[in-house]
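These notes concern the structure reproduced below.
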Amino acid sequence: MILIQRMLSDTPMRPVTEQIELLIERRLFLKRRWRGVAADGTEFGFDLESRLQHGSVIHQTETAEYIVRQQPELVYQLQPSTLEEAALMGWKIGNLHLGVQVVDGVIRITHDVAVLQLFEREGWAFEEIEVVFNPLRVTAHAS
């Protein structure tokens, strides 16, 4: 097993044909200690100084780069037609305290039964898609 403590690069330098993927679920990007197996069977142990990100180079050999990539996941996607509708959707979805990603004029939300119930109750049109989901990181401080 190869021990990884930090990424080597944010982005790959070699052509796709010389990249070996380690596909992981989103929640592992939040952890510092975990194990994984690359597509070629190489085992890695992670004891990270800081979090990895999708597309990071984690190991190199003479012939290949090992790239950690986030596994696509099923999410709900809304496409608000006005700013007012987007604000209302954001407020109501925010009350559920679930992961949200806003990108290219759409709102993506964690696939969860509470979200589905909200959409049905509000009559909002939505679709289920599988994508690399990167919810906003939010911090709140009380003063």
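Under full-length UniProt numbering, residues 1 to 143 are what the sequence shown spells out, in order.
All residues carry an ideal CB built from backbone N, CA and C; glycine is no exception.
Counting C-beta neighbours from all protein chains within 10 Å, is the total for V103 16 or more, i.e. buried, or is it exposed?
Against the sequence shown, residue 103 aligns to sequence position 103. Counting Cβ neighbours within 10 Å, V103 comes out exposed, since fewer than 16 surround it.
From H110 to P80, what distance separates their C-alpha atoms?
Against the sequence shown, residue 110 aligns to sequence position 110. Against the sequence shown, residue 80 aligns to sequence position 80. Residue 110 is actually Thr in this sequence, not His. Their backbone Cα atoms lie some 17 Å apart in a straight line.
Report the rounded CA-to-CA distance for residue 175 versus N134, giving the unit in angstroms.
In the structure as shown, the chain starts at 1 and stops at 143, and residue 175 therefore has no counterpart that could be examined.
In terms of alpha-carbon separation, which member of E130, L88 and V16 lies closest to I67?
Taking the sequence shown and counting its residues from 1, one reaches residue 67 at position 67. When C-alpha distances from I67 are compared across E130, L88 and V16, the shortest belongs to V16.
When the Cβ atoms of the segment 9 to 26 are set against those of the segment 60 to 75, are three or more pairs found closer than 8 Å?
The segment 9 to 26, when compared against the segment 60 to 75, does touch it at the 8 Å Cβ threshold.
Quick one, which of V113, I24 and A86 has its alpha-carbon nearest residue 152's?
Since the displayed the chain opens at 1 and closes at 143, residue 152 lies outside it and no answer follows.
Does the Cβ of M7 have 16 or more other Cβ atoms within 10 Å, making it buried, or fewer, making it exposed?
Taking the first residue of the sequence shown as position 1, residue 7 is located at position 7. M7 comes out buried.
What runs of the beta strand (DSSP E), each 3 residues or longer, lie entirely inside the segment 43 to 74?
43 to 47, 56 to 60 and 65 to 70
Just verifying my parser: in three-state terms, what is the DSSP assignment at E130?
Residue mapping note: residue 130 aligns to position 130 of the sequence shown, counting from 1. Correct three-state label for E130: strand.
Extract the residue ranges of the beta strand (DSSP E) inside the UniProt domain "Urease accessory protein UreE C-terminal" (75 to 137), only unbroken runs of 3 or more that lie entirely within it.
Fully enclosed beta strand (DSSP E) runs of 3 or longer: 100 to 103, 106 to 110 and 127 to 131.
Could you have a look at L23 and say whether DSSP puts it in helix, strand or coil?
Within the sequence shown, numbered from 1, the residue matching residue 23 stands at position 23. In the structure shown, L23 sits in a strand (DSSP, three-state: E or B).
Quick one: residues in its chain with C-beta nearer than 7 Å to the C-beta of R33, no 5 flanking neighbours on either side, listed in chain order?
Here residue 33 refers to the residue found at position 33 of the sequence shown. Closer than 7 Å at Cβ, skipping near neighbours: F46 and D47.
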